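Asks: Before anything else, here's the structure in question.
There are 2 protein chains.
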Amino acid sequence: MNLGTEKRIYDLGEGGMHLVHLLGGKGAGLAEMRRMGLPVPAGFTITTAECTRYLKHGRLDEGLVNEVREAMGRLEAATGKSFGRGPRPLLVSVRSGAPVSMPGMMDTVLNVGLNEETMEAMVALTGDRRFALDSMRRLMQMFGTTVLGIPKEEFDRATLRVARNNGPGSADMMDLDTLDGLVREFGEVYRNHGLEFPQDPYRQLFMSIEAVFRSWNSDRARAYREINGIDDGMGTAVNVVEMVFGNMGEDSATGVVFTRDPNTGEKRLSGEYLVNAQGEDVVAGIRTPENVYGMERRMPGAFRDLVEACDRLERHYRDMMDIEFTVERGRLYLLQTRVGKRAPRAHLRITLDMLKEGLISVEEAVMRVEPEHIEGIMHPRVEDGQDGSVICSGLAASPGVATGEIVFSSDRAIELSKQGRRLILVRPETTADDVRGMAASAGFLTQKGGMTSHAAVVARAMGKPAVVGAEEIEVDHIGGVLRARGLTLREGDVVTVDGTTGRAYIGEVRVTEVAERDDIDEFLRVCDSVSRLQVWANANTPEEVALAKRNGAKGIGLARTERMFLGNDRIGVVRAMIMSRDSEERRSYLDRLLPMQVSDFTEFFRTMEGMPVIIRLLDPPLHEFLPEKEEILERLSGPADGESAAELKKMLETVRDLEEFNPMLGFRGCRLGIIHREIYEMQVRAIARAALRVRSEGIEPNVEIMVPLVGHENEMKELREIIMKTFSSEDPEGRIRYKIGTMIEVPRACLVADRIAEFADFFSFGTNDLTQMTFGYSRDDAEGKFIRQYIERGILRHDPFTSIDLDGVGRLMKIGVELGRKTKRDLEIGICGEHGGDPESIEFCHTIGLDYVSASPRRIPVARLAAARAAIRSAMGSRES
Amino acid sequence: MNLGTEKRIYDLGEGGMHLVHLLGGKGAGLAEMRRMGLPVPAGFTITTAECTRYLKHGRLDEGLVNEVREAMGRLEAATGKSFGRGPRPLLVSVRSGAPVSMPGMMDTVLNVGLNEETMEAMVALTGDRRFALDSMRRLMQMFGTTVLGIPKEEFDRATLRVARNNGPGSADMMDLDTLDGLVREFGEVYRNHGLEFPQDPYRQLFMSIEAVFRSWNSDRARAYREINGIDDGMGTAVNVVEMVFGNMGEDSATGVVFTRDPNTGEKRLSGEYLVNAQGEDVVAGIRTPENVYGMERRMPGAFRDLVEACDRLERHYRDMMDIEFTVERGRLYLLQTRVGKRAPRAHLRITLDMLKEGLISVEEAVMRVEPEHIEGIMHPRVEDGQDGSVICSGLAASPGVATGEIVFSSDRAIELSKQGRRLILVRPETTADDVRGMAASAGFLTQKGGMTSHAAVVARAMGKPAVVGAEEIEVDHIGGVLRARGLTLREGDVVTVDGTTGRAYIGEVRVTEVAERDDIDEFLRVCDSVSRLQVWANANTPEEVALAKRNGAKGIGLARTERMFLGNDRIGVVRAMIMSRDSEERRSYLDRLLPMQVSDFTEFFRTMEGMPVIIRLLDPPLHEFLPEKEEILERLSGPADGESAAELKKMLETVRDLEEFNPMLGFRGCRLGIIHREIYEMQVRAIARAALRVRSEGIEPNVEIMVPLVGHENEMKELREIIMKTFSSEDPEGRIRYKIGTMIEVPRACLVADRIAEFADFFSFGTNDLTQMTFGYSRDDAEGKFIRQYIERGILRHDPFTSIDLDGVGRLMKIGVELGRKTKRDLEIGICGEHGGDPESIEFCHTIGLDYVSASPRRIPVARLAAARAAIRSAMGSRES
């Protein structure tokens with residue numbers, strides 16, 4: 001590319017959202033608004049490419065300097081003002097704006113162009129010395145801290161010093177002389193650092209531009225990008241915009257507004273404004289702002305314009321917008337717009353509303369909702385009747401409930417979280433420096449700040465519960481003490497924050513499932529309408545089956561029969577069965593288990609009302625049903641009443657007999673079923689009887705029988721014969737139609753899936769075991785011993801037990817699907833490992849053509865969304881390619 | 001196919017070896033000999049297809065009956081004799097002959113055509129009533145037992161009865177009247193069964209043909225086919241051949257000869273003959289035969305013809321032949337020829353001799369020797385100086401040494417072998433009914449029979465040690481007692497048979513490696529000349545390295561460093577290292593291990609003299625170096641001298657800490673090396689120092705460092721860096737060239753081999769672990785608990801830990817090779833699992849393009865042969881395709 005012809009500066013009229021990579025979000029947004037004819041001050045944007053160039057060379061390019069001067073000339077012409085001179089001095093704001101939103105991460109300098117000369121001109125022009133002095137001290141403070149790096153405390157201390165000597169203690173309440181003295185005192189602060197506040201406006205301008213460029217590489221900006229996965233090479237644009245003043249008196253104001261409620265999603269403006277103030281006052285939370293609807297009375301014209309602008313922007317962007325504005329002497333100016341951050345529940349409401357309003361399509365609606373949103377909404381609430389534990393009430397800034405240990409600093413939060421501790425970060429207020437600490441915590445509690453404060457915005461973005469502005473508490477973060485309603489809490493004390501109600505509790509409290517789910521259900525129905533992949537559930541008890549169905553499961557992908565063996569009424573019989581000397585004795589105990597299994601399965605089939613139910617035959621090694629060796633030895637040393645030593649010794653002998661070096665890879669699954677076929681025969685008999693019973697009640701059951709741990713086609717062949725023979729003996733007329741299939745969970749099964757498919761009506765990937773064997777990781781041993789360290793060192797990108805390892809396990813699955821379908825084109829294939837509830841994994845399952853994913857009942861909503869998103873993404877992919 | 005045009009009967013002049021599938025081995029051999037102009041009686045062969053047809057329909061086909069009559073007509077014409085009439089009656093033998101040799105499995109009837117009328121004609125013709133009567137009683141006995149199913153005992157009893165009343169007790173010593181009485185007595189035997197010996201010669205013939213057909217499905221024939229993997233559908237042919245008589249007096253004889261010595265391979269005839277006898281007398285071992293060279297004096301003309309026939313047949317078949325012959329009144333007739341069975345050592349000698357004689361090519365020589373032959377030869381011998389344990393001396397019928405418990409019946413052998421017992425079958429003599437029992441035993445000892453007796457032939461074919469004809473012992477198999485040199489042994493007593501010397505010993509004796517190996521070495525050099533795949537060795541100690549080299553290893557494919565940790569002088573330091581609190585303490589103990597490892601590695605590099613040595617870094621989980629928990633607990637209850645309780649408690653704590661549910665899939669291999677990198681650093685340092693030391697002695701070491709258990713490319717990447725850094729710190733000038741590679745033993749590694757290859761200079765398949773993980777079989781647990789049963793039930797074809805599972809593990813290996821070589825075309829790839837010594841697996845390794853197989857030092861000879869055979873087979877395959 002010929003750099004000479006590259007456009008380095010765009011006047012606000014020239015750009016638009018399509019250039020967001022060059023102009024940044026803020027610049028592109030301003031340009032877009034100007035193109036729409038909305039009231040936006042004049043200005044220009046220096047592209048992100050210049051930032052990259054600056055950071056590379058360490059200085060402003062000669063050519064850029066000239067182009068900025070030319071742009072300033074055009075700005076002077078457009079505004080009829082002059083930069084650095086009266087009678088109408090041009091002041092500008094210099095603000096950063098990256099292509100991706102990094103709220104509060106980078107720097108801003110307002111009122112650039114003000115010096116002794118232009119200040120006097122401003123006084124002459126406005127007749128308002130207070131305004132001129134206020135603007136001057138703001139510029140000096142922002143320039144001093146942002147551009148020159150003078151600690152903010154020094155300006156704060158100077159302010160206190162001047163105020164103490166002269167009356168009221170905050171700048172906006174000072175009289176003129178005191179303000180004048182403050183400006184002079186600020187000059188002293190500069191001189192104490194051997195510096196001088198530059199009177200040359202162009203020096204102010206260029207130094208500010210450089211400061212913005214440099215801010216891209218500040219520690220906190222880098223940290224934010226790391227956490228949010230933003231490319232470091234992107235760079236920030238610089239926006240130079242004519243100043244408009246919200247601090248020109250009682251008919252001026254500055255504010256922030258969301259076009260819909262970011263917390264509930266309701267279709268009404270939501271925002272705050274401050275009269276006679278400049279922009280940073282609202283965000284910083286120094287003065288408490290008023291509700292934006294207050295403007296309707298105080299400045300009705302500006303309010304009307306604001307409402308109209310909100311409406312137009314929303315329809316233009318087809319999303320809920322976050323807008324910064326200033327009213328200068330009754331006239332509205334829009335200073336920024338972007339898509340507004342919102343709580344997950346609000347996001348869902350907004351998405352559904354916009355879909356109904358026709359603003360967005362079904363596909364857009366589905367793609368706008370991330371799995372994390374659903375997770376966020378599914379957060380439980382605190383149960384009623386625990387008011388006695390409340391320690392404070394504040395703003396419900398980000399919904400959900402989190403319990404954890406108190407921690408008072410971000411550094412400490414990062415440290416403790418590495419030990420696996422669950423933390424609640426408690427701060428007076430949060431700043432951009434806290435983002436890493438917030439990422440390491442489960443919830444937040446702050447003493448100060450409103451619904452648009454840093455803590456609130458970040459919490460909603462992270463989908464973590466937050467209570468902010470709980471002014472009744474006192475946070476001494478240096479001393480490490482939280483005082484609330486007479487309690488004194490310290491680091492490590494456990495609290496619960498409920499961001500849905502705005503309350504915090506001492507200790508852990510009882511929580512309940514989300515109660516209102518109309519929105520979720522409505523939205524998930526939308527999802528289902530575009531999905532190809534069905535969502536089934538892993539459920540082992542009738543209760544879980546019921547929950548699964550309520551959450552929208554279309555079938556039971558995995559019912560583990562062994563969990564039924566563990567009931568109090570059963571475990572004794574199960575143990576006697578295991579300790580049987582021969583298969584005859586074993587059969588007698590199995591006969592006693594039979595009616596119990598019949599009643600479990602009957603309940604399953606009843607609840608699912610004809611949807612598919614996959615029942616997996618016994619899988620775990622038999623020793624899992626016996627007590628630990630150590631326990632038996634202990635009981636042997638002093639048998640309790642009714643426990644015979646002979647019985648215990650027999651048990652011990654059996655346990656020793658069944659002992660294995662690597663039980664994961666041992667005598668379990670279909671290996672058991674083949675060697676002790678009477679166990680599987682009993683289970684199949686129970687399934688058949690249950691199915692017949694339910695059928696006689698008028699429900700046609702949809703039975704699928706699954707054999708675990710098959711690795712060789714001959715296992716499947718032999719068991720298929722046994723199952724069919726046993727089933728026929730119960731249902732000789734063949735009234736029940738059923739399928740026989742297998743878990744694919746041994747690597748070898750994937751490699752010979754074509755042969756296995758000859759004897760299987762369906763496959764279900766058991767990705768837990770498949771991952772264990774493909775990696776050679778015993779999950780119980782590996783998670784603590786090396787997997788976590790592997791992830792920290794970057795050897796593994798993520799935990800393969802959470803998200804399917806596409807390169808290894810995924811490749812095997814693909815082979816399994818291809819081979820399986822080579823033998824049977826319509827082979828039903830699903831997944832029943834825990835990955836079935838993981839969005840990334842679900843997308844993969846869609847890609848390789850599975851029919852369903854089976855997830856735990858609680859994960860079903862997220863899985864339904866993920867299934868829909870996968871369908872849309874793959875349709876987009878195939879359209880694109 | 002039009003059955004009408006199918007040729008059902010071949011006269012002996014028409015066929016040849018190319019029709020062996022239709023004519024059977026015997027028929028094709030006779031035909032071939034006739035074509036060569038050798039002295040073979042006239043006759044014809046009914047094809048195997050007729051056998052199949054007969055067994056299907058249960059009766060002889062009308063068409064076949066007619067064709068047999070026609071063929072008999074041609075035979076009459078050719079011989080100038082008439083069937084069923086004088087003056088020159090035609091007698092025939094009716095013998096079975098399958099396409100695959102099934103020695104003694106099926107039936108034979110001699111002298112068919114003899115009845116009262118023709119017997120008198122024979123007397124008139126030969127003037128020898130004794131001969132005629134002897135032939136008659138033979139026919140009646142064979143026809144009675146074979147065709148009509150009359151128990152042989154009844155004829156035996158009848159013989160005894162007649163003899164008791166009349167003098168000498170065996171038929172060949174009876175006088176004429178007694179013989180005549182015997183024939184009449186045999187008639188009584190028939191009548192006792194309500195039967196009559198058929199006087200109609202065609203009835204005799206057709207009933208005999210049917211009996212031969214039926215014998216294909218006899219129990220013993222089925223058993224033989226099952227054991228030897230012969231297709232049941234093949235069927236047997238029937239040979240109808242003019243009788244020639246070895247029982248026509250002192251100038252007649254019958255015998256068996258091998259063209260070379262079947263026990264040593266020496267190039268001289270080896271065989272036995274009986275004067276005045278018919279064929280079955282030799283095989284049955286009723287009379288003791290004489291050495292075939294005895295013929296030279298007694299019937300020089302026939303002997304000269306025999307020697308010439310042997311020579312021609314050997315050159316024609318290009319193999320050592322086994323020939324049955326009869327001399328009728330001085331004239332030689334060949335009755336059968338086939339490739340002779342021989343002991344493995346003899347086979348090797350014969351193969352090498354024939355190669356030198358130019359009879360066969362290098363490829364033929366290699367393909368004729370099976371891995372089992374090499375295994376057979378490599379059988380150890382009994383060490384000298386144990387003569388005190390000898391219980392008998394007999395014929396050295398099949399070389400090798402076997403120790404086991406005595407068992408007296410085949411049924412019992414089958415039963416006990418299922419319990420995994422090692423058995424020696426002890427019998428008076430063996431018959432075809434014993435084949436299953438012999439398969440279940442490790443060695444054989446018989447009281448009777450010669451070098452061509454059933455026991456001797458079958459033992460050599462099975463490659464199992466046998467001592468036969470040990471006449472000094474007394475075997476009472478009914479009473480279950482073996483009496484020998486004053487001892488009385490019973491079932492379960494342990495004996496050792498040495499088939500190389502012909503001795504048996506009481507109990508287990510010391511054995512030694514085969515001493516003479518000139519033949520083997522010579523033959524393996526022939527093998528190496530055609531191999532592509534190299535053979536390396538798995539060796540962990542300098543002694544093993546030396547043996548490997550002696551056996552012809554071209555490199556060390558796997559040296560396990562952990563075995564070096566277990567020495568008495570080291571284990572204490574190793575344990576202290578493991579129990580270290582931090583990596584600093586650990587390093588201090590590692591520093592003490594360093595010089596020990598340096599000296600081990602130095603020895604390796606010295607012995608291998610520049611051949612590649614792959615040293616694998618530490619692999620097993622650390623707890624393997626600590627005592628068992630139970631042991632520590634016991635020691636804690638009463639600490640021995642010098643053992644502090646505190647130390648034991650610390651050990652216990654460490655053991656508990658390291659405890660894993662599935663150690664196979666746990667914290668081991670490179671996972672250990674990454675988390676505790678100081679261990680690998682010590683080992684790499686030791687390798688570098690050893691290499692430098694050996695280099696300074698003038699040997700350029702060929703160093704390969706292998707990382708175990710890699711499953712992700714990032715593991716390899718990180719460890720490669722650590723290894724290179726550590727190596728450089730010892731060898732900063734880079735004097736030693738070395739490779740860094742990895743075991744491929746985790747399924748995932750095969751699937752991402754392309755990525756791993758970016759950081760690896762070589763791969764080595766660790767098929768033991770790869771098999772465990774691909775199947776999900778923990779070898780320690782599964783072998784006893786279900787794998788054996790799986791093989792018995794036919795779920796698995798063989799033990800996947802013995803022979804690579806081609807469908808699953810093999811497919812993964814193929815993927816691994818393809819992906820690895822995609823990244824690095826010349827990537828060195830080998831195998832170091834135990835499969836590296838298994839012939840079937842070696843052939844597979846050749847097929848997928850490995851560079852070498854690494855086997856245990858003792859398996860190297862077999863591996864070298866297998867590598868050569870694989871190369872030849874694949875060359876043949878590619879020529880064919």
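Protein chains in written order, with the UniProt record's numbering: chain A, 1 to 881; chain B, 1 to 881.
Backbone N, C-alpha and C fix where the C-beta goes; we use that ideal spot for every residue, glycine too.
If you're wondering where the values come from, they're calculated on a predicted model, not measured in any experiment.
(1) Taking DSSP's pairing of strands, which residues face Gln534/B in a bridge?
(2) Just confirm the distance between the C-beta atoms of Ser410/A and Gly437/A, as a whole number of angstroms; I'd bet it's less than 8 Å.
(3) Can the beta-carbon of Asn263/B be found less than 8 Å from the beta-carbon of Ala158/B?
(4) Less than 8 Å between C-beta atoms, sequence neighbours within five positions excluded: which residues of the same chain meet that for Arg575/B?
(5) What residues are listed by DSSP as bridge partners for Gly97/B?
(6) Find out if the Cβ-Cβ distance for the pair Arg422/A, Gly400/A is shorter than 8 Å.
(7) Could you work out which residues of chain B lie near Gln789/A, taking near to mean beta carbons separated by less than 7 Å?
(8) Counting only Cβ pairs nearer than 7 Å, list the residues of chain B close to Gly808/A.
(9) At least one CB of chain A closer than 8 Å to the CB of Lys785/B: is that the case?
(10) For Thr774/B, decide whether its Cβ has a neighbour in chain A, counting only Cβ atoms nearer than 8 Å.
(11) What would DSSP say about Thr742/A, mapped onto helix, strand or coil?
(12) State yes or no: is the C-beta of Met248/A within less than 8 Å of the C-beta of Arg184/A?
(13) How many angstroms separate the CA atom of Ile506/A from the CA atom of Arg483/A?
(14) By the criterion of Cβ-Cβ separation under 8 Å, what are the contact partners of Asp799/A in chain B?
(15) What residue range is occupied by the uninterrupted beta strand (DSSP E) comprising Ile705/B?
(16) So Leu38/A and Arg312/A are in contact, right, with Cβ under 8 Å, and what is the actual spacing, rounded?
(17) Look up Ala277/B in the DSSP assignment and say whether it is helix, strand or coil.
(18) Between Met295/A, Thr259/A, Pro198/A, which lies nearest to Val275/A when the distance is taken from Cα to Cα?
(19) Between the beta-carbon of Asp271/A and the beta-carbon of Phe258/A, is there less than 8 Å?
(20) For the beta strand (DSSP E) containing Asp322/A, name the first residue and the last one.
(21) What would DSSP say about Cys310/B, mapped onto helix, strand or coil?
(22) Using a C-beta to C-beta distance shorter than 8 Å, which residues of chain B count as neighbours of Arg869/A?
(23) With DSSP as the reference, please indicate the residues paired to Pro89/A in a beta bridge.
(24) Let me see if you follow: with CB-CB separation under 8 Å, is Ile374/B close to chain A or not?
(25) With DSSP as the reference, please indicate the residues paired to Val382/A in a beta bridge.
(26) Note down, in chain order, each residue of its chain lying with its Cβ closer than 7 Å to the Cβ of Ala690/B, except the 5 sequence neighbours on either side.
Replies: Let's see:
(1) In the second sequence, residue 534/B corresponds to position 534, counting from 1. In DSSP, Gln534/B forms a bridge with Tyr852/B.
(2) Along the first sequence, read from residue 1 onward, the residue named residue 410/A stands at position 410. Along the first sequence, read from residue 1 onward, the residue named residue 437/A stands at position 437. So it is a contact: roughly 2 Å between Cβ atoms.
(3) For the purposes of this step, residue 263/B is identified with residue 263 of the second sequence, where counting begins at 1. For the purposes of this step, residue 158/B is identified with residue 158 of the second sequence, where counting begins at 1. No; because the gap between Cβ atoms is not below 8 Å, this pair is not in contact.
(4) One-based indexing of the second sequence puts residue 575/B at position 575. In the same chain as Arg575/B, and ignoring 5 residues on each side of it, the C-beta atoms closer than 8 Å to its own belong to Phe625, Leu626, Met651, in chain order.
(5) Counting from 1 along the second sequence, the entry for residue 97/B is found at position 97. Paired residues: Ala237/B.
(6) As a working note, residue 422/A is residue 422 in the first sequence. As a working note, residue 400/A is residue 400 in the first sequence. At the C-beta level, Arg422/A and Gly400/A stay beyond 8 Å of one another.
(7) Looking up residue 789/A in the first sequence gives position 789. Neighbours of Gln789/A on chain B, chain order: Ile675.
(8) Here the question's residue 808/A lines up with position 808 in the first sequence. Residues of chain B passing the Cβ test: Arg748, Leu751, Val752.
(9) Here residue 785/B refers to the residue found at position 785 of the second sequence. True, the Cβ-Cβ gap to chain A drops below 8 Å.
(10) Working through the second sequence from its first residue, we reach residue 774/B at position 774. At least one C-beta of chain A is nearer than 8 Å to the C-beta of Thr774/B.
(11) Here residue 742/A refers to the residue found at position 742 when the first sequence is read from its first residue. Strand at Thr742/A.
(12) As a working mapping, residue 248/A is identified with position 248 in the first sequence. As a working mapping, residue 184/A is identified with position 184 in the first sequence. Not a contact, by the Cβ cut-off of 8 Å.
(13) Mapped onto the first sequence, residue 506/A falls at position 506. Mapped onto the first sequence, residue 483/A falls at position 483. Looking at the two C-alpha atoms, the distance is approximately 12 Å.
(14) The count along the first sequence starts at 1 and reaches residue 799/A at position 799. Going along chain B, no residue has its Cβ under 8 Å from Asp799/A, so there is no contact; the nearest lies around 13 Å.
(15) Here residue 705/B refers to the residue found at position 705 when the second sequence is read from its first residue. First-last of the beta strand (DSSP E) with Ile705/B: 702-707.
(16) Reading the first sequence from its first residue, position 38 is the one you call residue 38/A. Reading the first sequence from its first residue, position 312 is the one you call residue 312/A. Confirmed, about 7 Å.
(17) Along the second sequence, read from residue 1 onward, the residue named residue 277/B stands at position 277. Here Ala277/B sits in coil by DSSP.
(18) Along the first sequence, read from residue 1 onward, the residue named residue 275/A stands at position 275. Taking only the C-alpha atoms, the option nearest Val275/A is Met295/A.
(19) Counted from its first residue, the first sequence places residue 271/A at position 271. Counted from its first residue, the first sequence places residue 258/A at position 258. Note that residue 271/A corresponds to Gly in the displayed sequence, not to Asp. Taking 8 Å as the Cβ cut-off, Gly271/A and Phe258/A qualify as a contacting pair.
(20) Here residue 322/A is taken as the residue at index 322 of the first sequence, counted from 1. Element bounds for Asp322/A: 321-328.
(21) The sequence position of residue 310/B within the second sequence is 310, counting from 1. Helix, per DSSP.
(22) If you number the first sequence from 1, residue 869/A lands on position 869. Below the 8 Å Cβ cutoff, chain B contributes no neighbours of Arg869/A, its closest Cβ being approximately 27 Å away.
(23) Numbered from 1 along the first sequence, position 89 holds the residue referred to as residue 89/A. According to DSSP, Pro89/A bridges with Ser82/A.
(24) Translated into the one-based positions of the second sequence, residue 374/B becomes position 374. No, Ile374/B lies away from the interface with chain A (no Cβ there is under 8 Å from its Cβ).
(25) Along the first sequence, one-based indexing puts residue 382/A at 382. According to DSSP, Val382/A bridges with Val511/A.
(26) Taking the second sequence and counting its residues from 1, the one referred to as residue 690/B is at position 690. Excluding positions up to five away in sequence, the list reads Val598, Phe601, Thr602, Phe605.
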